[in-house]
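Chains A and B, in that order, are what the protein sequence lines are. Heads up: the first sequence at position 34 corresponds to 34 in our numbering, and the numbers run straight through without jumps. Heads up: the second sequence at position 13 corresponds to 13 in our numbering, and the numbers run straight through without jumps. Let me begin by presenting the structure, written as structure tokens, before commenting on it.
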Amino acid sequence: NAGVMQNPRHLVRRRGQEARLRCSPMKGHSHVYWYRQLPEEGLKFMVYLQKENIIDESGMPKERFSAEFPKEGPSILRIQQVVRGDSAAYFCASSPERGGRGIQYFGAGTRLSVL
Amino acid sequence: QQQVKQSPQSLIVQKGGISIINCAYENTAFDYFPWYQQFPGKGPALLIAIRPDVSEKKEGRFTISFNKSAKQFSLHIMDSQPGDSATYFCAAIGGSTGNQFYFGTGTSLTVIP
Numbered sequence: 001n002a003g004v005m006q007n008p009r010h011l012v013r014r015r016g017q018e019a020r021l022r023c024s025p026m027k028g029h030s031h032v033y034w035y036r037q038l039p040e041e042g043l044k045f046m047v048y049l050q051k052e053n054i055i056d057e058s059g060m061p062k063e064r065f066s067a068e069f070p071k072e073g074p075s076i077l078r079i080q081q082v083v084r085g086d087s088a089a090y091f092c093a094s095s096p097e098r099g100g101r102g103i104q105y106f107g108a109g110t111r112l113s114v115l
Numbered sequence: 001q002q003q004v005k006q007s008p009q010s011l012i013v014q015k016g017g018i019s020i021i022n023c024a025y026e027n028t029a030f031d032y033f034p035w036y037q038q039f040p041g042k043g044p045a046l047l048i049a050i051r052p053d054v055s056e057k058k059e060g061r062f063t064i065s066f067n068k069s070a071k072q073f074s075l076h077i078m079d080s081q082p083g084d085s086a087t088y089f090c091a092a093i094g095g096s097t098g099n100q101f102y103f104g105t106g107t108s109l110t111v112i113p
């Protein structure tokens, strides 16, 4: 029973390129959350998705960032035209329950470095 | 604006001692308070959680104390062990939409033998 799988584990991009981060939730989980963690800081909520729907994107920057969770396949966090300030660890979590009141299982994260 | 304030930022405890980490929140719409443990290079893992209608919850060596009127909650690790050395995050769930998830800034715990 695989846990939450994130790939790649490390991603290096130059300024202006696009970054695509993937998250496969645990089997049977239909709710996905994305978080960003900057050095010496806690995790910041970005977006909450259910299959084919964005439930809450109040933590997402208005520009350059988007997320999707298609009916088939992993959830994708997409960052267009990356800047150095986007360098961070991005974590995905999944839950079988709406609202996150149940247990959220986290992946190991994708560490994005923007040169 | 930090929705959940956590202290201390770092903590060093002798093996066998008690580790205490504190968190405070403002938004009374939060209704679920988990604690997560994170080892370097790994994602956070749920440790223990509490709802505001309970003042204390204990699981093994880990205890959450919850003070609803003060809007504070704390994690106590009894008989701390070197294997407990990790970063601990408190969190609060709920908020205006009912499904937002806010983390504290983390406490780096080091348990020395």
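Built from N, CA and C at the ideal position, the CB exists for glycine as well.
Query                                                                                                                                 : Result
Exposure of Met78 (chain B), with buried meaning 16 or more beta-carbon neighbours within 10 Å                                        : exposed
Whole-angstrom distance between Ile79 (chain A) and Lys116 (chain A), CA atom to CA atom                                              : Outside the shown range of chain A (1 to 115) lies residue 116 (chain A), about which nothing can therefore be said.
Rounded C-alpha distance that separates Ala24 (chain B) from Ser74 (chain B)                                                          : 9 Å
Exposed unless 16 or more other CB atoms sit within 10 angstroms - verdict on Asp53 (chain B)                                         : exposed
Short CB-CB distance (under 8 Å) between Gly42 (chain A) and chain B                                                                  : yes
Beta-carbon proximity of Gln9 (chain B) to Thr87 (chain B), cut-off 8 Å                                                               : no
Environment of Phe69 (chain A) [buried if 16+ CB atoms lie within 10 Å]                                                               : buried
Same chain, Cβ closer than 7 Å to Tyr92 (chain B), neighbours up to 5 away in sequence not counted                                    : Contrary to the premise, residue 92 (chain B) reads as Ala rather than Tyr in this sequence. So the list reads Gln3, Val4, Tyr25, Phe30, Phe33, Tyr102, once near-sequence residues are dropped.
Within-8 Å CB hit, Gln37 (chain B) to chain A                                                                                         : no
Reference Ile18 (chain B); option with closest CA among B:Asn27, B:Gly94, B:Ala49, B:Thr63                                            : B:Thr63
Closer than 8 Å at the beta carbon, the chain A residues around Tyr102 (chain B)                                                      : Phe45
Alpha carbon of Cys23 (chain A) to alpha carbon of Ser95 (chain A), nearest angstrom                                                  : 13 Å
Reduced DSSP category for Arg20 (chain A) - H, G, I as helix; E, B as strand; rest coil                                               : strand
The segment 10–24 of chain A in contact with the segment 79–91 of chain A per 3-pair CB rule at 8 Å                                   : yes
Residues that DSSP places opposite Leu46 (chain B) in a beta bridge                                                                   : B:Tyr36
Beta-carbon contacts of Trp35 (chain B) that lie in its chain and below 6 Å, excluding the five residues immediately before and after : Leu47, Ile48, Leu75, Cys90
Selection of the segment 79–92 of chain A by Cβ proximity to chain B, strictly under 7 Å                                              : Phe91
Neighbouring residues, chain A, relative to Thr105 (chain B) (Cβ below 9 Å)                                                           : Glu40, Glu41, Gly42
Boundaries (first-last residue) of the beta strand (DSSP E) holding Glu68 (chain A)                                                   : 65–68
9 Å Cβ cut-off: residues of chain B touching Ala108 (chain A)                                                                         : Gly41, Lys42, Gly43
Cα-Cα separation, Gln50 (chain A) to Gln14 (chain B)                                                                                  : 44 Å
Where Leu109 (chain B) falls, given that 16 or more other Cβ within 10 Å makes a residue buried                                       : buried
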